[in-house]
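Number 406 in our numbering belongs to position 378 of the sequence shown; there are no gaps in the numbering.
Note that CB positions come from ideal geometry on N, CA and C, so glycine has one too.
Only a predicted model underlies this, so the values are computations on that prediction, with no experimental measurement involved.
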Amino acid sequence: MNIEQQLKELRAELREHNHKYYVLDNATISDYEFDIKLKTLQDLEEKHPEFYDENSPTLRVGGAITKNFNTVVHAHRMYSLDNSYSLEDLRDWETRIKKLVDGDIEYVCELKYDGASISLTYENGTLLRAVTRGDGVQGDDVTANIKTIKSVPLKLNGSYPPKFDIRGEIVLPLQGFNKMNEARLANGEEAYRNPRNTASGSLKLQDSTEVAKRPLECLLYNLKGTNLGIDSQFEGLELARKMGFKVPKAAQLAKSIDAVFEFVNYWDHARHELPYETDGVVIKVNSLYQQEELGFTSKAPRWAMAYKFKAEQVSTKLNTISYQVGRTGAITPVANLEPVELAGTTVKRASLHNADQIEKLDIRINDEVYVEKGGEIIPKIIAVDLARRPLDSVKTQYITSCPICETTLVRIPGEAKHYCPNYNGCPPQIVGRIQHYISRKAMDIEGLGGETVALLVNAGLVSNYADLYTLTKTQLMPLERMAEKSAENLVTGVEASKKIPFDRVLFALGIRFVGETVAKKLAKHYKRIDALMRASKEDLEQVDEIGVKIAESVIDFFSSPDNVKIIERLQQYGVQLEISAQKLANQTNKLQGQIFVVSGVFQKVSRNELKKLIEDNGGKVASSISGKTSFVVAGDNMGPSKKEKADKLGVTLLSENDFLKLIE
Ligand code: AMP
Ligand code: ZN
């Protein structure tokens, strides 16, 4: 046998043993035998560098150093998940999605692994790249570190799609975590606090040899790509397993929400026996076809839902209550607690939400309270230990005036929160509004951060976002920590924001209840700010998805002469207050009054492009077929129940080409 052949076989053999040991938990040779074989391979590779293989099992021990992690844009965005906490929440979710898809819905229940998410890209059966979630749109390339995790296959088994991404979670099993900590303590080092943070910190270590030493595991749960040859999430899991990935066996099919709940109840107890931590269950619609129909909100897939187990609770003393003022003037009471350990972090503060919440639980200063970590980052108080209440305790009086500007607070009937109405004079509102204006999803002003905004406001240089456009280098230079370069960057950043499209400007204005999605809808419908400013409440409510609450808030915003003046100034400075001419040119009224349902997969355009084309040409897109539907644009693979329904109601089916001709 020649050397190349020998290397190849040895690598394949070791790969196989790795798979048995780390993925299947079923070793067939001793560690000693494995080490001997690995050593043999290492020696051979050293003697024959001409046969280098970047995916050799010997590279599992690390060696590569990454100084700066490259940023990589995800081919498919990595979303977050919506959370639920009860059977009720799950039933509500089912009701919502049943309105959007045809036919019965089957679910896959998986455990929610608590670690760091990762996206792996494979090409022709080998690991090409591993990228962290980052902000969901782009993450860091951590390939060198991930290659040291032995349950991540560097080469795949059997037959596999030529190119795909697979998503998973890097976790640190409890046993390994405890071992690491014992070693650290023995060395006089501080123990790590919890497996999750340690796992995610590991991904960004510069020295991959260090990563190799940590007993990390990679658990996979989602395949992404085209032509994967699967029709459901469950088939995806099975395919991933066949290719050699570690896919936990817990995953199960469920035919109803009740079956989902059985799964949840079982694992709420059984999770304590698992080798790694889990904080909940993820429930996914099984059919990929239905998943596509359901799509995504701006944050999370509509076809998946996380169920969070009841978190651990601790009790501690409530020292004081402070009140925060948000950018919209909303007041949030915050409990300042005697610091206490909860699920691996130190808790010092908890949200009290609003006056009703304090009233309902009768929370008082000096009470012993139970704190719980729910879905939110900041924990909440769930009960008071009345038996331990001091005798001299006094009932909490909610504040009646703003803690910052002392204006009398108002409470709009039907709303939970109190507001400080001093819109133009209350400092945290002024700062908060400008911070929102410059934020990444709004005007994305580079060179200007949240703290600088506070500095600018305090120095009296700006008191609203229009003022930003008047700032000069000479004004900025005397400010604390402001060098010439940073002053220049700030001015350039502000200038560049004049190119930000109208819908984002509308979001940036910070009108209450006008989030990203609503801003898009309004921009599209009204096209120019003057038209929006003139719109009546009734008119606004006619717009898709705009309800009374939003309509009233928009009217309220533009009825303020101060706001109108600010908008006029923005207009003068050249901020985009209408849809660009080019965008307008792509829009027609050809499909005015027509309601379309899109179904199936298309050749020339993606489903989303198709929906956009419909809307750009004045049509509406609905999610299910009804008597009102004008046309169904049918691609390949259209759902049989949709077809039946269309036939029954006599709705015309259009092919992709028919449709494109229609708008030509
Ligand atoms: P969250 O960060 O709370 O919005 O939850 C979303 C994250 O849950 C994803 O980014 C994944 O990292 C993680 N996750 C853990 N287990 C699963 C699973 N079985 N399916 C999907 N996501 C999961
Ligand atoms: Zn105030």
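Exposure label - residue i; buried when at least 16 CB within 10 Å
i, result
"Gln600", "exposed"
"Gly678", "exposed"
"Asp686", "exposed"
"Glu527", "The displayed chain sequence assigns Lys, not Glu, to residue 527. Its Cβ having fewer than 16 others within 10 Å, Lys527 is exposed."
"Gly272", "buried"
"Tyr80", "exposed"
"Ala219", "exposed"
"Gln463", "buried"
"Arg88", "buried"
"Ile739", "A question about residue 739 goes unanswered here, because the residues of the chain that appear run from 29 up to 692."
"Gln613", "The displayed chain sequence assigns Ala, not Gln, to residue 613. So Ala613 ends up on the exposed side."
"Ile466", "buried"
"Glu523", "exposed"
"His102", "buried"
"Gly647", "buried"
"Leu414", "exposed"
"Val481", "buried"
"Lys676", "exposed"
"Met505", "exposed"
"Gly628", "buried"
"Leu437", "buried"
"Val459", "buried"
"Ala579", "buried"
Residue range of the unbroken alpha helix (DSSP H) whose run includes residue i
i, result
"Ala515", "Glu512 to Ala524"
"Leu568", "Lys565 to Gln570"
"Leu619", "Unbroken run through Leu619: none, as it is neither H nor E."
"Phe586", "Val576 to Phe586"
"Val459", "Pro455 to Ile466"
"Tyr135", "No alpha helix (DSSP H) contains Tyr135, which is instead part of the beta strand (DSSP E) from Tyr135 to Tyr141."
"Asn685", "Glu684 to Ile691"
"Met561", "Ile557 to Arg562"
"Gln600", "Pro589 to Tyr601"
Best match in the options for proximity to residue i [C-alpha to C-alpha]
i, options, result
"Asn225", "Ser145, Met666, Val603 and Tyr451", "Ser145"
"Ser429", "His446, Leu598 and Thr502", "His446"
"Val362", "Asn30, Lys327 and Val399", "Val399"
"Leu202", "Thr306, Ile285 and Asp259", "Thr306"
"Asn255", "Leu267, Glu245, Cys246 and Leu244", "Leu267"
"His45", "His102, Asp59 and Leu35", "Asp59"
"Glu643", "Glu443, Ile691 and Val412", "Ile691"
"Ile557", "Ala172, Arg43 and Arg597", "Arg597"
"Arg635", "Asn111, Pro367 and Glu320", "Glu320"
"Pro668", "Asp584, Thr424 and Asp132", "Asp132"
"Ile427", "Pro418, Arg439, Leu419 and Leu302", "Arg439"
"Ile594", "Ile198, Met561, Glu508 and Gly308", "Met561"
"Gln425", "Ile349, Ser467 and Ser491", "Ile349"
"Val660", "Ile623, Ser343, Val633 and Pro276", "Ile623"
"Leu712", "Thr356, Ile393, Tyr351 and Gln341", "Residue 712 cannot be examined here, being either before or after the span of the chain that is shown, 29 to 692."
"Ala515", "Arg540, Gly477, Ala536 and Tyr294", "Gly477"
"His76", "Ile285, Glu32 and Asn314", "Glu32"
"Lys175", "Ile607, Gly628, Val368 and Ala92", "Ala92"
"Thr86", "Met106, Ile64 and Asn98", "Ile64"
"Val626", "Asp130, Gln341, Ala282 and Arg43", "Asp130"
Element boundaries [beta strand (DSSP E), containing residue i]
i, result
"Asn250", "Glu245 to Lys252"
"Leu155", "Thr154 to Thr160"
"Glu366", "Ile359 to Leu370"
"Gly478", "Element bounds for Gly478: not the beta strand (DSSP E) but the alpha helix (DSSP H), Gly478 to Asn486."
"Thr374", "Thr373 to Ser379"
"Phe659", "Phe659 to Ala662"
Rounded distance between the beta-carbons of residue j and residue i, thought under 8 Å
i, j, result
"Val310", "Leu109", "6 Å"
"Ala227", "Gly143", "4 Å"
"Asp193", "Ser147", "5 Å"
"Leu316", "Ile125", "About 14 Å separates the two Cβ atoms, so there is no contact after all."
"Tyr304", "Val199", "5 Å"
"Val582", "Leu568", "6 Å"
"Lys274", "Ser179", "4 Å"
"Ala383", "Ile409", "About 14 Å; that fails the 8 Å criterion."
- Message: So within the segment 161 to 189, which uninterrupted beta strand (DSSP E) runs reach at least 3 residues, ignoring any that extend past its ends?
- Response: Runs found: 166 to 168.
- Query: Could you give the uninterrupted runs of the beta strand (DSSP E) lying entirely in the segment 214 to 295, keeping only those of 3 residues or more?
  - Reply: List check, beta strand (DSSP E) in window: 245 to 252 and 280 to 282.
- Task: Please specify which runs of the alpha helix (DSSP H), each continuous and at least 4 residues long, are wholly inside the segment 37 to 82, giving them in chain order.
- Result: Listed in chain order, they are 59 to 75.
- Write down every uninterrupted run of the beta strand (DSSP E) in the segment 81 to 136 whose length is 3 residues or greater and which is fully enclosed by it, in chain order. Runs of the beta strand (DSSP E) inside the segment 81 to 136: 99 to 101.
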